[in-house]
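Student:
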Amino acid sequence: MRSILLGTALAAGLLATSAQADPWDMFDGGKLLATGGVSQVEGAGGGGLANWALITGYGTRDGIGGNVHYTGVFLPDYNLQSAGVAVGLFDRVELSYAWQGFDTQDVGAALGLGKGYTFHQNIFGAKVKLVGDAVYDQDQWLPQISVGLQHKENDRGPVIAFVGGKASTGTDYYVSASKLFLEQSLLVNTTLRFTKANQFGILGFGGDKHNDYSAQFEGSAAYLFSKRFAVGAELRTKPSNLSIAKEQDAWDIFAAYFFSKNLSATLAYADLGNIVIKNHQGGAYLSLQAGL
Amino acid sequence: MKKAIIFAAFALFASPAFADDPLYTDLGGKDGIDRLVEASVDNYLADARIKDVFAESNMDRVRAELKDQFCVVAGGPCTYTGHSMEETHKGLHLANANFNALVEDLQAAMDKLSIPFPVQNRFLARLAPMQHQVVTK
Chain A
32 MRSILLGTAL
42 AAGLLATSAQ
52 ADPWDMFDGG
62 KLLATGGVSQ
72 VEGAGGGGLA
82 NWALITGYGT
92 RDGIGGNVHY
102 TGVFLPDYNL
112 QSAGVAVGLF
122 DRVELSYAWQ
132 GFDTQDVGAA
142 LGLGKGYTFH
152 QNIFGAKVKL
162 VGDAVYDQDQ
172 WLPQISVGLQ
182 HKENDRGPVI
192 AFVGGKASTG
202 TDYYVSASKL
212 FLEQSLLVNT
222 TLRFTKANQF
232 GILGFGGDKH
242 NDYSAQFEGS
252 AAYLFSKRFA
262 VGAELRTKPS
272 NLSIAKEQDA
282 WDIFAAYFFS
292 KNLSATLAYA
302 DLGNIVIKNH
312 QGGAYLSLQA
322 GL
Chain B
623 MKKAIIFAAF
633 ALFASPAFAD
643 DPLYTDLGGK
653 DGIDRLVEAS
663 VDNYLADARI
673 KDVFAESNMD
683 RVRAELKDQF
693 CVVAGGPCTY
703 TGHSMEETHK
713 GLHLANANFN
723 ALVEDLQAAM
733 DKLSIPFPVQ
743 NRFLARLAPM
753 QHQVVTK
């Protein structure tokens, strides 16, 4: 149902723009390289784990942009994959969808769920830029500020309930601020996320220990070595709602390379901390984004 | 009011206090900036996205004014006597994509002249806010 709504919204957005002579002209590709960011793990325009205030894609305020992404996080005892699509409308509104799969591999067998037991999530996102421009406002302190939400639907309700989770669906709300300190070649992002999600929602929402929304922090900084190449680090705090395991903060160090406005690759080392019965879940993070 | 602020900003940049601005030196002084303008304008005129903007322009004058302006923005001992950004771009109906095309062409020119990327960004940081005056569409 939700995907139909989203599809309709996307189609309406595209139709509204097709009043122009050639709708493909709306994909103006006019933004500067890298200024749409890459695709964060829940499908929004951002870094890897952290969300950014930038609107995804290369459409300027007169156009639209869009992209698809694949992300794989290969941890010692699990792996997390995400694939999705996102559109940026007039550098103002971003709509995104991501599918996530979290494969428990041998842990699934150890917990009696079966080897390779996999949690899936559908994540529908929307983001609106409120004020500021991260790139042009070099004469002001005001960052670019956006607000958004990510609605997540997990397909493993019974298991979530068994581990103490209170719901299999949940909605995160966030406010993000991004600022390019061009003189220092540094991009800085902070996000305040209001969430009930356990492990990004992979283990559901709310828990036996804590079942209210809590405010969590996401921050990232990236140094630009060239127009094409950025290196940075991110931190993302998470609530610990379940009594079966203490959830820890996640962080990563990343390198992103923009081959063109149509293709970028991000490589990172991501550490998600303890996940249920396994500690020190840190491993390789790979993400590819293709778009306009 | 806005215009007054822009002129004040230019006056500030042009003041002797900025005469030894390290950015001016890092861009190669007057010679470096002149070469940069020549290379940039060559790129503009070869760029299908924006070359039409200059169709009616006296390019000798555009080059001369840009050399003064870049010099002033970089903190060099020059005086910009041309029109304000708003006056110059009024009626051109430049879109944001056009502005970014100018930026990309300038970046390509700086690459060609082997200006280090951090120096490029220090210069672009001073030019970036002009987006507010240049983009009128």
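Protein chains in written order, with this note's numbering: chain A, 32 to 323; chain B, 623 to 759.
Note that CB positions come from ideal geometry on N, CA and C, so glycine has one too.
1. Are Thr91(A) and Gly67(A) touching if we call contact CB-CB under 8 Å?
2. Taking 6 Å as the limit between beta carbons, can you name the residues of its chain near Val307(A), skipping five residues before and five after?
3. Here's a check: name, in chain order, each residue in its chain whose Cβ is nearer than 6 Å to the Cβ of Asp682(B), leaving out the five neighbours to either side.
4. Can you pull the chain A residues whose beta carbon is under 9 Å from the beta carbon of Pro751(B), in chain order?
5. Pick helix, strand or coil for Ile655(B), following the three-state DSSP scheme.
6. Using a Cβ-Cβ cutoff of 8 Å, what residues of the stretch 82-107 of chain A are near chain B? List them in chain order.
7. Check whether chain A comes within 8 Å of Phe635(B), counting only Cβ atoms and requiring the distance to be less than that.
8. In the DSSP assignment, find the unbroken beta strand (DSSP E) run with Phe676(B) in it and report its ends.
9. Roughly how many whole angstroms lie between the Cα atoms of Val190(A) and Glu249(A)?
10. Does the beta carbon of Thr758(B) sit closer than 8 Å to a beta carbon anywhere in chain A?
11. Starting from Gly156(A), trace the beta strand (DSSP E) both ways and give me its first and last residue.
12. Between the stretch 197-204 of chain A and the stretch 228-240 of chain A, do three or more beta carbon pairs fall short of 8 Å?
13. Per DSSP, Gly179(A) is paired with what?
14. What residues in the stretch 203-217 of chain A bring their beta carbon closer than 7 Å to a beta carbon of chain B?
15. Using alpha carbons as the reference points, say which of Ala730(B), Leu746(B), Leu716(B) and Ala747(B) lies closest to Arg671(B).
16. Can you tell me whether Asn310(A) is helix, strand or coil according to DSSP?
17. Please report the straight-line C-alpha distance between Leu303(A) and Gly314(A), rounded to a whole angstrom.
18. Once you ignore the five residues that flank Phe692(B) on each side, which residues in its own chain have a CB closer than 7 Å to its CB?
19. What is the rounded straight-line gap between the Cα of Ser113(A) and the Cα of Phe133(A)?
20. Can you find a C-beta in chain A that's less than 8 Å from the C-beta of Asn718(B)?
21. Step through the CB atoms of chain B and report whether any lies within less than 8 Å of the CB of Ser257(A).
22. Can you pull the chain B neighbours of Lys269(A), defined as C-beta to C-beta under 9 Å?
23. Using three-state DSSP, classify Glu278(A) as helix, strand or coil.
24. Looking at the secondary structure, which residues open and close the beta strand (DSSP E) in which Arg267(A) lies?
25. For Gln691(B), which residues in chain A fall below 9 Å Cβ to Cβ?
26. Are there three or more Cβ pairs, one per stretch, closer than 8 Å when the stretch 110-130 of chain A is compared with the stretch 739-749 of chain B?
Tutor: Reading from the atomic positions:
1. One-based indexing of the first sequence puts residue 91(A) at position 60. One-based indexing of the first sequence puts residue 67(A) at position 36. Contact: no.
2. To locate residue 307(A), count along the first sequence from 1; it is residue 276. If we look at Val307(A) and ignore the five residues flanking it on each side, its Cβ neighbours are Ala276.
3. Counting from one through the second sequence, the residue named residue 682(B) turns up at place 60. Correct list: empty, nothing qualifies.
4. Indexing the second sequence from 1 puts residue 751(B) at position 129. In chain order: Tyr167, Asp168, Gln169, Asp170 and Gln171.
5. The residue given as residue 655(B) occupies position 33 in the second sequence. Helix, per DSSP.
6. Look at the stretch 82-107 of chain A: the residues with a C-beta under 8 Å from a C-beta of chain B are Thr91, Arg92, Asp93 and Gly94.
7. In the second sequence, counting from the first residue as 1, residue 635(B) sits at position 13. Summary for Phe635(B): the model assigns pLDDT 49, below 50, so the residue's position carries little reliability; its value from the coordinates is reported in the next sentence. False, the Cβ-Cβ gap to chain A never drops below 8 Å.
8. Counting from 1 along the second sequence, the entry for residue 676(B) is found at position 54. Careful: Phe676(B) lies outside any beta strand (DSSP E) and carries neither H nor E.
9. Counted from its first residue, the first sequence places residue 190(A) at position 159. Counted from its first residue, the first sequence places residue 249(A) at position 218. Annotation: Val190(A) to Glu249(A) spans about 28 Å, alpha carbon to alpha carbon.
10. The residue given as residue 758(B) occupies position 136 in the second sequence. It does not; no Cβ of chain A falls within 8 Å.
11. Counted from its first residue, the first sequence places residue 156(A) at position 125. Gly156(A) -> beta strand (DSSP E) spans Thr149 to Val162.
12. Result yes; three or more Cβ-Cβ pairs closer than 8 Å.
13. Residue mapping note: residue 179(A) aligns to position 148 of the first sequence, counting from 1. Residue pairing by DSSP puts Gly179(A) in a beta bridge opposite Lys158(A) and Tyr205(A).
14. Residues Leu213, Glu214 and Ser216.
15. Locating residue 671(B) in the second sequence gives position 49, where the first residue counts as 1. Of all alpha-carbon atoms in Ala730(B), Leu746(B), Leu716(B) and Ala747(B), the one lying nearest the alpha-carbon of Arg671(B) is that of Leu716(B).
16. The residue you call residue 310(A) lines up with position 279 of the first sequence. The answer is coil: DSSP assigns Asn310(A) none of H, G, I, E or B.
17. As a position in the first sequence, residue 303(A) is number 272, starting the count at 1. As a position in the first sequence, residue 314(A) is number 283, starting the count at 1. Near 9 Å, if we compare the C-alpha coordinates of Gly314(A) and Leu303(A).
18. Indexing the second sequence from 1 puts residue 692(B) at position 70. Contacts found: Ile655, Leu658 and Val659.
19. Counting from one through the first sequence, the residue named residue 113(A) turns up at place 82. Counting from one through the first sequence, the residue named residue 133(A) turns up at place 102. Between Ser113(A) and Phe133(A), the C-alpha separation is close to 9 Å.
20. If you number the second sequence from 1, residue 718(B) lands on position 96. Yes - at least one Cβ of chain A is within 8 Å of the one on Asn718(B).
21. In the first sequence, residue 257(A) corresponds to position 226, counting from 1. Yes, because at least one Cβ of chain B sits closer than 8 Å to the Cβ of Ser257(A).
22. Position 238 of the first sequence holds residue 269(A). Those do not exist, as Lys269(A) stays about 34 Å from chain B at its closest Cβ, beyond 9 Å.
23. Numbered from 1 along the first sequence, position 247 holds the residue referred to as residue 278(A). Taken through DSSP and simplified to helix, strand or coil, Glu278(A) comes out as coil.
24. Here residue 267(A) refers to the residue found at position 236 when the first sequence is read from its first residue. In the DSSP assignment, Arg267(A) falls within the unbroken beta strand (DSSP E) covering Phe260 to Arg267.
25. As a first step, residue 691(B) must be located in the second sequence, where it is residue number 69. What Gln691(B) touches in chain A: nothing, since even the nearest Cβ is about 16 Å away.
26. Because the criterion of three Cβ pairs below 8 Å is not met, the stretch 110-130 of chain A and the stretch 739-749 of chain B do not touch.
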